[in-house]
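As C-alpha cells, the structure follows; a few thoughts come after it.
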Amino acid sequence: MMNRGLLLLLQILVAVVVLVAWHVASTTTLIGDPKTISFFFAEPLAVGNRILDWFADGSIWYHLGITLTEAALAFIIGSLGGVIVGFWFARKPLLAAVFDPYVKAANALPRVVLAPIFALWLGLGIWSKVALGVTLVFFIVFFNVYQGVKEVSPAVLSNARMLGMNGRQLLRHVYMPSALSWMFSSLHTSVGFAVVGAVVGEYLGSAAGLGYLIHEAESVFDVTGVFAGMFVLTFFVILVDWLVTLVENRLLVWRPKSAASF
C-alpha cells in the first residue's frame, strides 16, 4: 500500500504541474499568442486574485451558502430516498419487476430538460434546484443499494436464518453491511451530482448562488470570473467528498485497509 504522505505529494505535484503549464501558456509565447490564450482560458494568477478578492470582501459567502444549501438538501433527500427504495425493491422482487421499466425510463430522462419544468412548478427559489439535484442523486444511490442488497450471499442468508435471525436482525447484520460498501461508493459520486444539480438550476434561472455568479461572468465574457467560480466550487466539492470518506472509513472499519484507503 502506498504511503499516504507520498500519495498526497504526488497529487499536489500534479496540480502544480497543471498550474505552471497554464501560467506559461497564458503569459509567454512558448505555446502561442498569450493574449489569445488568456482571453479564452484566463490566467491562473488573475483567477487566484479574484478568488481572494471574493473571500476578502465576503461577497462569495452568500452565494456559496445558497449553492451548498441546495446541494446538501438534494444530497440528503436523494440519498435517503435511494437507500429506502433500493432496500425495498431488493427485498420485494415482484415489486421491482413491476416497476423496472418505469424506473429505467425515469432514469433515462435528460435532467437538464427537467430544470425548466421544476422552475415552473416550484419557482426560482431553492426548491427547484433541490428537486433537480434529487433526480440526479436518487438513481445513483438507488441502483447501488439495490445491487448491494442483491449481492448478499445466499449461504450467509441461510446460515443467519438457521441461527434464528428475524427480519430486523437480517437487515441490520446481513443486508446493511453488504449494501454499505455499494452505498458509500455511490455517495462519493452523488456529492458531485448534487452540486451539479444546484449549479445547473442556478445557471438556468436564479438570483444567487455560484451558478448565478458563473452565468453572470460568462454573459460579459469574464473568463476569469468563470474559472474562479469553478475553482471555488471544485474546492468545496472535494472538501465534502473528504468528509464522506471520513464517515465511510469510520463505518466500514471491517474492510481491508487497501480497500478503505482508496
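Quick note on the UniProt record's numbering: the sequence shown kicks off at 1 and runs consecutively. Ideal Cβ positions, reconstructed from N, Cα and C, are used throughout, including at glycine.
Compare the C-alpha of residue i against each of the options and name the closest.
i	options	result
residue 80	116, 138 and 36	138
residue 84	150, 196, 141 and 116	141
residue 189	245, 18 and 107	245
residue 265	76, 120 and 165	No answer is possible for residue 265: it lies beyond the span of the chain, which begins at 1 and ends at 262.
residue 24	57, 14 and 37	37
residue 181	235, 103 and 147	147
residue 113	200, 7 and 226	200
residue 82	179, 18, 115 and 35	179
residue 225	32, 60 and 3	60
residue 187	243, 14 and 22	243
residue 151	176, 169, 21 and 168	176
residue 106	93, 116 and 136	136
How about residue i and residue j: do their beta carbons lie closer than 8 Å?
i	j	result
residue 126	residue 43	no
residue 214	residue 197	no
residue 183	residue 145	yes
residue 27	residue 202	no
residue 111	residue 149	no
residue 174	residue 160	yes
residue 237	residue 195	yes
Using C-beta distances below 7 Å, list every residue in its chain close to residue i, excluding the 5 sequence neighbours before and after it, in chain order.
i	result
residue 122	128 and 131
residue 63	208, 209, 210, 212 and 213
residue 143	none
residue 168	none
residue 7	none
Spatial neighbours of residue i within its chain, please: C-beta separation below 8 Å, excluding the five flanking residues on both sides.
i	result
residue 40	223
residue 30	24
residue 185	144
residue 158	none
residue 21	none
residue 19	44
Round the Cβ separation of residue i and residue j to the nearest angstrom and send it over; I've been treating them as touching at under 8 Å.
i	j	result
residue 134	residue 46	Incorrect: roughly 36 Å between the Cβ atoms, too far for contact.
residue 205	residue 124	5 Å
residue 89	residue 95	6 Å
Output needed for residue i: all residues of its chain with C-beta closer than 6 Å, excluding positions within five of it in sequence on either side, in chain order.
i	result
residue 240	191
residue 119	128 and 205
residue 262	With a pLDDT of only 46 at residue 262, under the threshold of 50, the placement of this residue in the model should not be trusted, and no figure is reported.
residue 56	none
residue 50	224 and 228
residue 299	Residue numbering for the chain in the displayed model covers 1 to 262; residue 299 lies beyond these limits and cannot be assessed.
residue 17	none
Mind checking whether the beta-carbon of residue i lies closer than 7 Å to any heavy atom of the ligand HEM?
i	result
residue 176	For the structure depicted, the ligand HEM is absent and the ligand set is empty, with no information on it obtainable.
Return no unless some Cβ of chain C is closer than 8 Å to the Cβ of residue i.
i	result
residue 77	Given the protein chain composition of this structure (a single chain), no chain C is represented.
> Quick one: complete beta strand (DSSP E) runs, 3+ long, within the stretch 168-212?
Replying inline: none
>> Quick check on the DSSP output: what are the complete beta strand (DSSP E) runs of length 3 or more inside the stretch 64-102, in order along the chain?
In response: none
>> Give the list of continuous alpha helix (DSSP H) stretches no shorter than 4 residues that lie fully inside the stretch 124-164.
In response: 126-150 and 154-162
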